[in-house]
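Participant:
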Amino acid sequence: MTIRIGDVVPDFEAQTTEGPIHFHEWLGTSWGVLFSHPRNFTPVCTTELGQVARLKPEFDRRNVKVIGLSVDPLDAHAKWADDIAETQGYAPNFPLIADPERKVSDLYDMIHPNASDTFTVRSVFVVGPDKKLKLSLTYPASTGRNFDEILRVIDSLQLTAQHQVATPANWTQGGDVIIVPSVSDEAAKEKFPGGWTTLKPYLRVVPQPGTNK
Ligand code: BEZ
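This is the structure we're talking about:
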């Protein structure tokens, strides 16, 4: 199934390391990140899960629930956690879905047969509090993801949701942002009383809302 930006993401029931869940119910009113990794007890995946555990407070601060998935069974997730703690300094502190029957993997199109018939690729789905897909990305097994980048995207998405601004290329926290084209100059005067810089009528740059610039 292809899941596109703006679609309500499919709901499912699954077994996780923190007990059974209904995905939508588990998300509640939070943002969510659902990510798959190919296999337990593999090198790149070990580093990724350690990084997500290290960054968990950053996801929490943004009201984002994180959940991982692989086709490995529940007992393998538990055994692997010790290796992750030993080698990465952080044990998984978020639920991991056990999907040996590939129900969720198929629902979210996480198995790309020309890469592997058996294992999931590195998929990421960022879901908003409205349960709609805000971002998806797919990496091959050989490339570990940059979870700082995923936090950066979430910061951008949350700014858009709260302030009707978009973020330019290579934006990072505190950098100038762009007033979205659907906001008229008249409406912008109310939203951005400190003013903005018009580089082109369609390119209006404003300090990031919430910063003291
Ligand atoms: C890894 O995590 O290192 C990995 C997993 C599956 C295939 C190749 C690499």
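Quick note, the sequence shown lines up with residues 1244 to 1456 if you use our numbering. Yeah, the Cβ is synthetic: ideal placement off N, Cα and C, and Gly gets one too. These figures come from a predicted structure and were not determined experimentally.
Mapping DSSP to helix, strand and coil, what is HIS1355?
Facilitator: Coil, per DSSP.
Participant: Is ARG1447 near the ligand BEZ, judged by its Cβ being under 7 Å from some heavy atom?
Facilitator: No.
Participant: What are the boundary residues of the alpha helix (DSSP H) that includes GLU1329?
Facilitator: Here the alpha helix (DSSP H) through GLU1329 covers 1317 to 1331.
Participant: For ALA1409, which residues from the same chain have a beta carbon less than 7 Å from its beta carbon, with the 5 sequence-adjacent residues on both sides left out?
Facilitator: Once the five neighbours on either side are set aside, the close Cβ partners of ALA1409 are THR1403, VAL1420, ILE1421, VAL1423.
Participant: Alpha carbon to alpha carbon, how far is VAL1307 from ILE1393?
Facilitator: Approximately 11 Å between the Cα atoms of the pair.
Participant: Hey, quick one: how far does the alpha helix (DSSP H) through GLY1387 stretch, first residue to last?
Facilitator: Here GLY1387 belongs to no alpha helix (DSSP H), and DSSP marks it neither H nor E.
Participant: Excluding sequence positions up to five away, which residues of its chain have a Cβ less than 8 Å from the Cβ of GLN1451?
Facilitator: Excluding positions up to five away in sequence, the list reads LEU1402, VAL1408, GLN1416, GLY1417, GLY1418, ASP1419, VAL1420.
Participant: Quick one: is the Cβ of PRO1286 within less than 7 Å of any heavy atom of the ligand BEZ?
Facilitator: Answer for PRO1286: yes, Cβ within range of the ligand BEZ.
Participant: According to DSSP, is HIS1201 helix, strand or coil?
Facilitator: In the structure as shown, the chain begins at 1244 and stops at 1456. Residue 1201 is therefore absent and cannot be evaluated.
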